[in-house]
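Quick note: the sequence shown uses UniProt numbering, first residue 1, plus one each step. Backbone N, C-alpha and C define an ideal beta-carbon position, used for all residues, glycine too. The structure presented is a predicted model; accordingly, all values stated were derived computationally and were not measured. Have a look at the structure below, then the notes.
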Amino acid sequence: MNAHSGYDRVADDWYVEPPWAVDALIAAEATVRPLRGRVLDPCCGAGNVPTQLTGIEDVIPIGTDLRPRRPDIATMDFRDSLRQFRPDSVVSNPPYNQAREFIEVALLHTWDRVCVVLRLGFLAGQKRRVWWPQTCFARLWVSSVRMNMPPGDRAVAGKGGAVDYAWFVFERGYRGPPIVGWLPDVGRPPRQRRRRGPDHETISVPGAEEVL
């Protein structure tokens, strides 16, 4: 079982973030300063992040991935992608076992900010305790619902999220402690709670919410 997703481990740590999580990040960052310019996801999988960024004013979405997931997405290592495109910002769900390196390389080749969705437990750890003060960690947007992050390489039945997630935002030139906030409820579908009805159907219960 992978601690990053709650599912069995898959090759390349490819787990798919829900589209609403990207929408919520866009809305949260807009309260500080909207994303603008070229926004790259160098680990975009099947393209969720660039798809959700499409149509956002003043944003040019770019997506690449290590594997040929889609014919219209360039295939390259995230390091090469960042060096080649030198984006204004990065929005990504990187492989958890390479998250620290990903953040460091992204900051070297990004002009504005790096936003990565990771399990909340990424904050912990003795080695990272020394690393955090050396970064420009600006904001932590915590999800008050547990995101469902299924593996992208197989068809699996959806299930409730088992891990707490947040968007970690690193901003070039930022100084001071990070701001902590919660993701807004943007685009998130209502929770489906199974309840016995006349035909044993699944009924959407208004107001039902998954909490931390």
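Once DSSP output is grouped into helix, strand and coil, what is the label at residue i?
{"i": "L66", "result": "coil"}
{"i": "I26", "result": "helix"}
{"i": "G121", "result": "helix"}
{"i": "A138", "result": "strand"}
{"i": "T54", "result": "coil"}
{"i": "A46", "result": "coil"}
{"i": "P18", "result": "coil"}
{"i": "R38", "result": "strand"}
{"i": "V32", "result": "coil"}
{"i": "I73", "result": "coil"}
{"i": "V59", "result": "strand"}
{"i": "E201", "result": "Interpretation of E201 is limited by its pLDDT of 37, a score under 50 that renders its predicted location unreliable; the figure taken from the coordinates is listed afterwards. Note: E201 maps to coil in three-state DSSP."}
{"i": "residue 251", "result": "Residue 251 is absent from the structure shown; the chain starts at 1 and stops at 212."}
Given a threshold of 16 other Cβ atoms within 10 Å of its Cβ, counted over all protein chains shown, does residue i qualify as buried or as exposed?
{"i": "W111", "result": "exposed"}
{"i": "A138", "result": "buried"}
{"i": "L108", "result": "exposed"}
{"i": "N97", "result": "exposed"}
{"i": "R128", "result": "exposed"}
{"i": "T31", "result": "exposed"}
{"i": "V130", "result": "exposed"}
{"i": "R150", "result": "Rather than Arg, the amino acid found at residue 150 in this sequence is Pro. Its Cβ being crowded by 16 or more others within 10 Å, P150 is buried."}
{"i": "A46", "result": "exposed"}
{"i": "residue 217", "result": "Because residue 217 is not part of the residues shown, which for the chain are 1 to 212, the question remains open."}
{"i": "R113", "result": "buried"}
{"i": "I73", "result": "buried"}
{"i": "P71", "result": "exposed"}
{"i": "P177", "result": "exposed"}
{"i": "P94", "result": "buried"}
How close, in whole Å, do the beta carbons of residue i and residue j come, if the pair is a contact with beta carbons under 8 Å?
{"i": "V22", "j": "V39", "result": "Contact doesn't hold; Cβ gap of about 11 Å is too wide."}
{"i": "G181", "j": "W141", "result": "6 Å"}
{"i": "L118", "j": "S143", "result": "Not a contact, Cβ separation roughly 11 Å."}
{"i": "M147", "j": "E17", "result": "7 Å"}
{"i": "F170", "j": "C136", "result": "5 Å"}
{"i": "D164", "j": "L123", "result": "No, D164 and L123 are not in contact; Cβ-Cβ is about 11 Å, not under 8 Å."}
{"i": "D36", "j": "D88", "result": "As written in the sequence, residue 36 is Arg, which differs from the Asp given in the question. Contact holds; Cβ gap of about 6 Å."}
{"i": "D41", "j": "S92", "result": "5 Å"}
{"i": "F85", "j": "I62", "result": "6 Å"}
{"i": "G116", "j": "L82", "result": "Gly is not the amino acid found at residue 116; the sequence shown has Val there. At roughly 13 Å, the Cβ-Cβ gap does not stay under 8 Å, so V116 and L82 are not in contact."}
{"i": "G187", "j": "P19", "result": "7 Å"}
{"i": "W167", "j": "L25", "result": "5 Å"}
Taking 8 Å as the CB-CB limit, is residue i close to chain D?
{"i": "L140", "result": "The chain inventory of the structure shown lacks chain D, comprising one protein chain alone."}
Please list the terminal residues of the continuous alpha helix (DSSP H) segment that includes residue i.
{"i": "R128", "result": "Q126 to W131"}
Can you tell me where the beta strand (DSSP E) with residue i in it begins and where it stops?
{"i": "V163", "result": "Per DSSP, V163 belongs to no beta strand (DSSP E) and is neither H nor E."}
{"i": "V180", "result": "I179 to W182"}
Complete runs of the beta strand (DSSP E) confined to the stretch 77-116 [at least 3 residues]: 89-92
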